[in-house]
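Structure, as structure tokens:
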Ligand code: MRU
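Structure below.
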């Protein structure tokens, strides 16, 4: 069974604190909007779909925290929570997509609700639906994508787009979990993913736990491993995909796409429809999060950068659609993606 990075039990929100993995798998409670905001900002919960799910529950937790005595106060509390959580991270569109759903439910359901408790029930149901839908989308992505993984395929992935980043099988890792369940033997190469090592800490942890053959490499080794013909397929996740198919994902993904093109290796992006942002025509409009320089100069508490050095730390990059062989969605694989095909498949 996949891991559960976000759980809602007895009207309380819990997450696995991913900053502690792979040393410890510890669950923490997030009882307030501030705690949810901090957990998203610090990457205790991370990965585009998981951030959206956590934020949806965060809105419910924020309403419960304020103990509203009327429907109007409940709507107000939901809107305040959503506004605050929207400032936690800028790139993954799933966050804004989920918050918009919660905001719409609060405003549209309010006039039909007799009291605050009924509206809280409705908000809770919406967050649970967002969670369940993501689980189903991940499984469908896994089923479509598994057809790309044959006996002895060597697959490269970057960052973590597994169960820890979603609510189920993950996106990029879902085809691997399904192919494994179907009994195929293949090998995964996981880029360690500087600077926060989501590949080394999280992807490697998930795949080892599932019994999938995984080999960890430094990001800078991908070209050599490709030249050695150990890789026949690349699958990565995405944080936001523009209408034309340009895809933002963890920093370093674009380099992997260029390398894959240079070695004639198919490069796939796996993402649910909640990761598409059709309001943006092109990838260059996607906001790219810049993170704390200390993640590079003092990674995991050890100083590795010279005192006084300038640092640039963009957390994501954008892979142009021309470098993407296909986008694996829950609705099927969009080969050689472009605006027209994406609109058709997503029914926009
Ligand atoms: O900064 P992170 O760890 O949240 O970045 C995560 C990624 O870039 C993932 O590849 C992406 O969110 C896809 S998750 C299914």
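Residue numbers (this note's numbering): 140 to 487.
All C-beta atoms, glycine included, are put in the ideal place defined by N, C-alpha and C.
- Distances from the CA of residue 287 to each of 301, 166, 321, 259 were compared; the closest alpha carbon is that of 321.
- Within the same chain, Cβ atoms closer than 8 Å to the Cβ of residue 454 are found at 230, 389, 390, 427, 428, 429, 430, the five residues on either side in sequence being excluded.
- Every residue whose beta carbon comes nearer than 6 Å to a heavy atom of the ligand MRU appears here in chain order: 182, 185, 186, 187, 188, 231, 298, 300, 304, 305, 309, 310, 337, 376, 377, 378, 388, 389, 454.
- With respect to the C-alpha of residue 222, the residue from 176, 189, 257 having the closest C-alpha is 176.
- When beta bridges are read from the DSSP output, residue 415 appears opposite 380.
- Only residues of its own chain outside the window of five on either side were considered, and among them 310, 376, 377, 380, 466, 468 have a CB closer than 7 Å to the CB of residue 410, listed in chain order.
- Contact annotation: residue 358 and residue 458 have beta-carbon atoms that are not nearer than 8 Å.
- Put simply, of 206, 143, 242 the residue whose alpha carbon is nearest the alpha carbon of residue 170 is 206.
- Using a Cβ distance threshold of 8 Å, residue 185 and residue 339 do not count as a contacting pair.
- With fewer than 16 other Cβ atoms inside 10 Å of its own Cβ, residue 401 counts as exposed.
- Within the same chain, and ignoring the five residues on either side of residue 165 in sequence, the residues whose Cβ sits closer than 8 Å to its Cβ are 155, 156, 159.
- A direct Cα-Cα distance of roughly 12 Å separates residue 368 from residue 326.
- Residue pairing by DSSP places residue 455 opposite 389 in a beta bridge.
- When secondary structure is reduced to three states using DSSP, residue 368 falls in the coil class, being assigned neither helix nor strand.
- Exposure of residue 208 is indicated by the presence of fewer than 16 other C-beta atoms within 10 angstroms of its C-beta.
- With 16 or more other Cβ atoms from the protein chains shown falling within 10 Å of its own Cβ, residue 332 counts as buried.
- Counting C-beta atoms within 10 angstroms of its own C-beta, residue 337 has 16 or more neighbours from the protein chains shown and is therefore classed as buried.
- The continuous alpha helix (DSSP H) containing residue 196 extends over residues 187 to 205.
- Cα atoms of residue 235 and residue 203: separation of roughly 21 Å, rounded to the nearest angstrom.
- For residue 224, the enclosing alpha helix (DSSP H) begins and ends at 210 to 224.
- Beta bridge pairing from DSSP links residue 407 with 374, 465.
- Taking the CA atoms as reference points, residue 422 sits about 8 Å from residue 382.
- Within the same chain, and ignoring the five residues on either side of residue 285 in sequence, the residues whose Cβ sits closer than 6 Å to its Cβ are 314, 317, 318.
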